[in-house]
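Numbering (our numbering), first residue to last: 218 to 517.
Single-structure report; data block below.
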Amino acid sequence: MNRYALAVDVGGTKLEAALVADDGTLVPGSRSRRATGRDATPASLDEAIATVIAHALARLPADAELIGAGIGSAGPIDRNVGQILPVNMPAARGYGLADAVRTTASGLLGRELPTVFGHDGGALALAESWLGATKDARSSLAIVVSTGVGGGFVANGAYIPGATGNAGHLGQVRREGGLTLEEIASGPASAAWAQQQGWTGATGEDLARDAAAGDAIARAAIERSAKAVGEALADAATLVDLDMVAIGGGFSRVSEDYIDLVQQALTASAAHEYSRRARVVRSGLGDEGPLIGAAALVIR
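And the structure:
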C-alpha cells in the first residue's frame, strides 16, 4: 500500500493543501488554495482549511495509506500548543491551527489523523534537505523571501525546531535603523521603499518589470533587499556554521541575479573564513517546496 501525507501550508497571502506521496511527489489534482491576507480571522481560516482539505482528501488514491497531516505555517508559532502568532495576520493571533487541521481531516476521514505542526521555514528547510538544493549540506538554512521573510535550519538531515518551533525565524532579526530584515527585504517592503524614492509602481512584479527595463530606483530596491538578506545570512552562517543556504519565495525571483547579489553580500560581510564559505543557492523545489516540507514533517 502506498503511503501519503496530507500537507497544509499557511502563509501571509494564501493557505493551501495537497496530498504528497512518500517519494515527495504531489498527487495530481489534489492541490488547492484559498487567500488569507492581513485581514484573516479564525473564522476565515476555518473556512479555508475545510475547503482545501476536503479538496485534497477527495483525491486520495484507492490504494493509499494516509499516515498523517503535516502543517507548515508562517510564524511565529507555538509548536507546543499548536497555535500561530503570525506577523502578517494579526487578527489570527492565537489561532489553534494544529487542532483545526486535525479536527477537520479526522472528521472527513472518520478516524483520528496524526498531525505534526511546524514553522513553514523549517518545513521548507527539511524539504530542501530531503529532495532539493541542500541535499549534500551538513548544516543548512532555507529561507523564503516573499510577502514576509522566514527560514529554518536542518543539521545532518534533521529539522531543528528550537524550543517553540521558531528556529530560523530570520525575518525578525534587526538590521539598519532598527528595522527587521522583513521590513527591509520583503517584496512589499521593497516596493514601499521604492515608492518613497519616487518610483510609481506598486508590487514586486512591477519592480521586476521596471528593473529589467532599466529603471534605476526599481533596481536599487532589489539590490537593497539582496544586500540586507546577504548580510543577515552572513551573521547566521557565522553563528550556526552553515555550509549552504537555499532561497525561495516569489520575491527571490525578482531578478535573475538576485541569488548572486545575496551571495556577494554574504561573502563580503561574513566575519570568518568558515562563514564566508557558505554557499547561497536557489531553492530546488520551486513553489511545491513548502507543501513537500509540510508532508516531510510526517513522512521523514
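The C-beta atom is built at its ideal place from N, Cα and C for all residues, glycine as well.
In this structure, does DSSP put residue i in helix, strand or coil?
i	result
S189	The structure shown does not extend to residue 189, since the chain is modelled only from 218 to 517, so the question has no answer here.
T253	coil
H272	helix
E490	helix
A375	strand
R517	coil
K352	coil
Buried or exposed for residue i, going by 16 or more other Cβ atoms inside 10 Å?
i	result
D280	exposed
Y491	exposed
L396	exposed
Q413	exposed
A433	exposed
E345	buried
T417	exposed
A488	exposed
How big is the Cα-Cα spacing for residue i and residue j?
i	j	result
R310	L398	21 Å
I239	I516	The question names Ile, but residue 239 is Asp in the sequence shown. About 6 Å.
L358	P245	29 Å
G506	R250	15 Å
N383	A291	10 Å
A340	G415	38 Å
A406	A437	13 Å
A451	I294	25 Å
M461	K352	10 Å
I476	F468	11 Å
Taking 8 Å as the limit between beta carbons, can you name the residues of its chain near residue i, skipping five residues before and five after?
i	result
A317	L262, D263 and I266
E440	L478
Q480	G447, R496 and V497
V333	G285, A286, G287, I288, L514 and V515
Can you tell me which residues form a DSSP beta bridge with residue i?
i	result
L236	L223
I301	I294 and Y312
E505	In the DSSP output, where bridge partners are listed per residue, E505 has none listed.
T455	Its beta-bridge partners do not exist; DSSP assigns none.
Spatial neighbours of residue i within its chain, please: C-beta separation below 6 Å, excluding the five flanking residues on both sides.
i	result
D338	Correcting the residue type first, residue 338 is Gly in the shown sequence and not Asp. Counting only Cβ-Cβ distances below 6 Å, and skipping sequence neighbours, we find G367, G368, G369 and G385.
Return the chain-ordered list of same chain residues with a C-beta closer than 7 Å to the C-beta of residue i, the five sequence neighbours on each side being excluded.
i	result
A445	R392, L398, I401 and A402
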